[in-house]
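> Have a look at this one.
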Amino acid sequence: MKKVIMYTTQTCPYCKSAKEFLKEKNISYTEKNASTDPQAQREMAGLNLRGVPSFLIGDEVVIGLDKDKILKLVDHRLVECPNCNAKLRLPNNKGKIKATCPKCGMGFEWKP
Ligand SMILES: [Zn+2]
């Protein structure tokens, strides 16, 4: 499954909307704040990203909160274990799958 990185700054209102969107769609991501993290600034420069929010999904870049593109590129969803409510990252491009919760060991079926 592809890793999702979101580049943000502290003052950007669209970054807040973007976080809400990813949460609502159960997408797991790592936030890198370019206001406080020089490494994030370097990564953004290397990817030629000049604005926020921007996203690195696998090795593809999305500039701005392009919801359709994000949903097309992301190949996982966060799913709650029906037993212990732990969040699992499951592929959403394989149809119905059998998952085992790493926390409580419960097996369950999940379909995107
Ligand atoms: Zn569980």
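Per my numbering, the sequence shown runs over residues -1 to 110.
Every residue, glycine too, gets a C-beta built ideally from N, C-alpha and C.
All values derive from a computational prediction rather than experimental measurement.
(1) Helix or strand or just coil, what does DSSP make of residue 14?
(2) What are the boundary residues of the beta strand (DSSP E) that residue 105 is part of?
(3) How big is the Cα-Cα spacing for residue 29 and residue 63?
(4) Specify, as a first and last residue, the run of the alpha helix (DSSP H) that residue 40 falls within.
(5) For the beta strand (DSSP E) containing residue 95, list its first residue and its last residue.
(6) If we ignore side chains and look at the alpha-carbon of each, how far apart do residue 40 and residue 87 end up?
(7) For residue 85, which of helix, strand or coil comes out of DSSP?
(8) Does DSSP put residue 55 in a helix, in a strand, or in coil?
(9) So what's residue 61 in DSSP terms, helix, strand or just coil?
(10) So, helix, strand or coil for residue 68, using DSSP?
On the basis of the supplied data:
(1) helix
(2) 105 to 108
(3) 14 Å
(4) 36 to 44
(5) 95 to 98
(6) 28 Å
(7) strand
(8) strand
(9) strand
(10) helix
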